[in-house]
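A.B. asks:
Numbering (mature numbering (1 follows the signal peptide of the UniProt record, and there is no 0)), first residue to last: -34 to -1, 1 to 280.
(1) Which residues in the same chain as residue 221 place their Cβ atom closer than 7 Å to its Cβ, once the five residues preceding and following it in sequence are excluded?
(2) Candidates 228, 213, 91 and 235: which alpha carbon is nearest residue 274's?
(3) From 46, 191 and 98, pick the residue whose C-alpha is nearest to that of residue 67; which is it?
(4) Alpha carbon to alpha carbon, how far is residue 235 from residue 208? Give it in angstroms, no decimals.
(5) Which residue marks the beginning of the beta strand (DSSP E) containing residue 201, and which one marks its end?
(6) May I have the straight-line CA-CA distance separating residue 23 from residue 170, to the nearest angstrom?
(7) With respect to the beta strand (DSSP E) encompassing residue 82, which residues constitute its N-terminal and C-terminal limits?
(8) Quick check on DSSP: helix, strand or coil for residue -13?
(9) Which word fits residue 42, buried or exposed, when buried means at least 16 other C-beta atoms lie within 10 angstroms of its C-beta?
(10) Once DSSP output is grouped into helix, strand and coil, what is the label at residue 43?
(11) Taking 8 Å as the threshold (C-beta atoms), are residue 211 and residue 252 in contact?
(12) Once you ignore the five residues that flank residue 218 on each side, which residues in its own chain have a CB closer than 6 Å to its CB?
(13) Where does residue 265 sit, in a helix, a strand or coil, going by DSSP?
(14) Three-state secondary structure (DSSP) at residue 105?
(15) Indicate the three-state DSSP secondary structure (helix, strand or coil) for residue 188 in the structure shown.
(16) To which residues of the same chain is residue 62 closer than 6 Å at the C-beta, ignoring the five residues directly before and after it?
(17) Output the distance between the C-alpha atoms of residue 230 and residue 258, rounded to the nearest integer angstrom.
(18) Using CA atoms only, rank isn't needed, just tell me which of 73, 77 and 26 is closest to residue 59.
(19) On the criterion of 16 or more Cβ atoms from any shown chain inside 10 Å, does residue 27 qualify as buried, or is it exposed?
(20) Once the 5 residues before and after residue 105 are set aside, which same chain residues still bring their CB inside 8 Å of it?
(21) Just to confirm before moving on: does the CB-CB distance between residue 109 and residue 19 stay below 8 Å?
(22) Kindly indicate which three-state DSSP category residue 110 falls into: helix, strand or coil?
(23) From this set, 97, 44 and 268, which residue's C-alpha is nearest residue 74's C-alpha?
(24) Runs of 4 residues minimum, wholly inside the region 9 to 70: which ones carry the alpha helix (DSSP H) assignment?
(25) For the beta strand (DSSP E) containing residue 178, list its first residue and its last residue.
(26) By alpha-carbon positions, which one of 250, 206 and 50 ends up nearest to residue 263?
(27) By the three-class DSSP mapping on this structure, what secondary structure does residue 279 have?
(28) Given this structure, state the Cα-to-Cα distance separating residue 176 from residue 206, to the nearest angstrom.
(29) Pull up the distance between the alpha-carbon of residue 88 and that of residue 183, whole angstroms please.
(30) Assign residue 254 to one of three DSSP states: helix, strand, or coil.
(31) May I ask you to report which of helix, strand or coil DSSP gives residue 92?
Following this line, the structure appears as structure tokens:
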């Protein structure tokens, strides 16, 4: 079900797959360990639009080095009269490992590539982007952890653009970030994944269990709703649900479980089995109290409206 166009990043292929299947405007979380901000994508022909207050930091000019040791980076590829279309962005995708986004600022649309967690990677890909005729003026921006958002006056940069709509940006999701200390090791008991159905008390919800694992006295499950209208994305060539916090809580309650708290999440991470057992890892998971749980161990408090992975525990 993946869309094959050019050797673009896996992230973009997943986003385009969702749009081809869904065809409606929805919210996409931009995942980077340093922050979590929302974006919207109206169609498969348009780039996703970053939320208006998603941090993009300040420019690094010439031989300037990063100012922070836990910074996140963007490549600014221009300030345009309209966002690039997906077809126009294909030229960039051949030279990068991340994604191309637009951010509406007044009457202009800022073109951004990223996010990057490593300055050397951002700088390397900047050099490749600057070799492209429309993007010779591209440069790296640094988001220093804890720095306030930057508001800049923009200038129009030359680039080929096409007509595209500009959907309203989603409400920003980022609030605060916490690092959870490592948990002690526990006995791991892999469970063979067997599809299972559970009927909700109120709405006959059908749930298939995609992944299942016991670590010590904790039992983890990754549910999937095969006959619902809920959003999903593709990873390992199969769909995984992306739900808001209320929906994720409801699904777990139907299973007699709950979304994990940070300590339970850290116990699962310490088992170091998610990647080898092909658990979905591209998006963060919902955790207790509207928290977004990253596979890096970072826990970010966010709104309940983002659409994230779902895992249940008991």
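Even for Gly, the Cβ is constructed at its ideal location relative to N, Cα and C.
C.D. replies: Let me lay it out:
(1) 164, 173, 187, 189 and 278
(2) Out of 228, 213, 91 and 235, 213 has the C-alpha closest to the C-alpha of residue 274.
(3) 46
(4) Their backbone Cα atoms lie some 20 Å apart in a straight line.
(5) 198 to 201
(6) Looking at the backbone, the Cα of residue 23 and that of residue 170 are separated by about 47 Å.
(7) 74 to 82
(8) Low confidence applies here, because residue -13 scores a pLDDT of 38, under 50, leaving its location unreliable and the question unanswered by this model.
(9) buried
(10) strand
(11) yes
(12) 224, 225 and 278
(13) strand
(14) strand
(15) Strand, per DSSP.
(16) Its chain contains 79 and 91 as the residues whose beta carbon lies nearer than 6 Å to that of residue 62, once the 5 sequence neighbours on both sides are disregarded; these appear in chain order.
(17) The alpha-carbon atoms of residue 230 and residue 258 are separated by roughly 13 Å.
(18) 77
(19) Within 10 angstroms of the beta-carbon of residue 27 lie fewer than 16 other beta-carbons, which makes it exposed.
(20) Closer than 8 Å at the Cβ level, and outside the excluded window around residue 105, lie 25, 26, 27, 41, 42 and 92.
(21) With contacts defined by Cβ atoms closer than 8 Å, residue 109 and residue 19 do not form a contacting pair.
(22) coil
(23) 44
(24) 52 to 59
(25) 174 to 181
(26) 250
(27) Look at residue 279 here: in three-state DSSP terms it is strand.
(28) Using only the alpha carbons, I get a separation of about 9 Å.
(29) 42 Å
(30) coil
(31) Looking at residue 92 - three-state DSSP - the assignment turns out to be helix.
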